[in-house]
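Notes follow the structure.
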Ligand code: DAT
Ligand code: MG
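In UniProt numbering, the protein residues as written are 1 to 148.
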């Protein structure tokens with residue numbers, strides 16, 4: 001089944017939003033297949049955001065991501081990549097709809113609480129980067145109550 005890489009950024013961890021974010025993905029019906037609290041090095045953050053290396057905000061973005069621990073997760077379920085993006089909301093929280101994570105919990109683009117893979121292909125790459133040790137293979141007993 002489809003998987004997405006979701007990360008609570010250092011501001012989300014510092015602000016005590018870990019439970020809130022996890023709760024939204026759990027309640028929606030997605031399955032948690034990987035989870036860790038981790039502080040990454042500059043070179044690792046640069047690799048994660050390599051597509052944005054030419055952007056003027058790249059250095060600041062990397063400084064922010066390495067400024068403290070993040071919660072790296074893999075969530076699984078039908079359509080989780082696109083639905084995860086909708087749950088997260090627009091990149092700039094001032095444009096994020098209320099009801100989305102950023103629209104409810106953030107104000108500035110440089111402190112937007114959460115990352116979510118933007119395509120199935122980037123999810124695959126990001127999961128390989130962040131979880132080289134592999135994921136947990138377990139099946140929820142709620143499955144028939146979430147899927148028909
Ligand atoms: P998203 O995180 O919604 O996938 P992105 O991949 O385009 O957005 O950018 C990655 C992060 O970089 C984003 O969460 C916040 C930061 N960022 C993006 N655009 C920015 C901008 N114009 N100014 C400052 N930071 C920006
Ligand atoms: Mg992105």
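Ideal placement from N, C-alpha and C gives every residue a C-beta, glycine not left out.
(request) Identify the continuous beta strand (DSSP E) that holds residue 38 and give its terminal residues. (result) Here residue 38 is taken as the residue at index 38 of the chain shown, counted from 1. Note, residue 38: beta strand (DSSP E), 31-38.
(request) Helix, strand or coil for residue 67, going by three-state DSSP, please let me know. (result) Looking up residue 67 in the chain shown gives position 67. Coil.
(message) Going by beta-carbon coordinates alone, are residue 80 and residue 4 separated by less than 7 Å?
(response) Sequence index remark: in the chain shown, residue 80 carries index 80 (1-based). Sequence index remark: in the chain shown, residue 4 carries index 4 (1-based). Contact flag set, yes.
(message) For a quick check, are the C-beta atoms of residue 107 and residue 93 less than 7 Å apart?
(response) In the chain shown, the residue the question calls residue 107 occupies position 107. In the chain shown, the residue the question calls residue 93 occupies position 93. Cβ distance < 7 Å, so residue 107 and residue 93 count as in contact.
(request) State the start and end residues of the unbroken beta strand (DSSP E) segment that holds residue 5. (result) Reading the chain shown from its first residue, position 5 is the one you call residue 5. Under the DSSP assignment, residue 5 falls in the beta strand (DSSP E) whose first and last residues are 3-8.
(request) Can you grab the Cα-Cα spacing for the pair residue 110 / residue 146, in whole Å? (result) Start at 1 with the first residue of the chain shown, and residue 110 comes out as number 110. Start at 1 with the first residue of the chain shown, and residue 146 comes out as number 146. If I take the Cα positions, the gap works out to 35 Å.
(message) Can you tell me where the beta strand (DSSP E) holding residue 101 begins and where it ends?
(response) Here residue 101 refers to the residue found at position 101 when the chain shown is read from its first residue. Careful: residue 101 lies outside any beta strand (DSSP E), inside the alpha helix (DSSP H) at 101-105.
(message) Considering Cα atoms alone, identify which of 26, 33, 35 and 59 is closest to residue 42.
(response) Counting from one through the chain shown, the residue named residue 42 turns up at place 42. With distances taken between Cα atoms, residue 42 lies closest to 59.
(message) Does residue 144 come out as helix, strand or coil in the three-state DSSP assignment?
(response) Walking along the chain shown from the start, residue 144 turns up at place 144. Three-state DSSP puts residue 144 in a helix.
(message) Can you list, in chain order, the residues of its chain with a C-beta nearer than 6 Å to that of residue 125? Leave out the 5 residues immediately preceding and following it.
(response) Within the chain shown, numbered from 1, the residue matching residue 125 stands at position 125. For residue 125, there are no CB contacts under 6 Å within the same chain when 5 residues up- and downstream are skipped.
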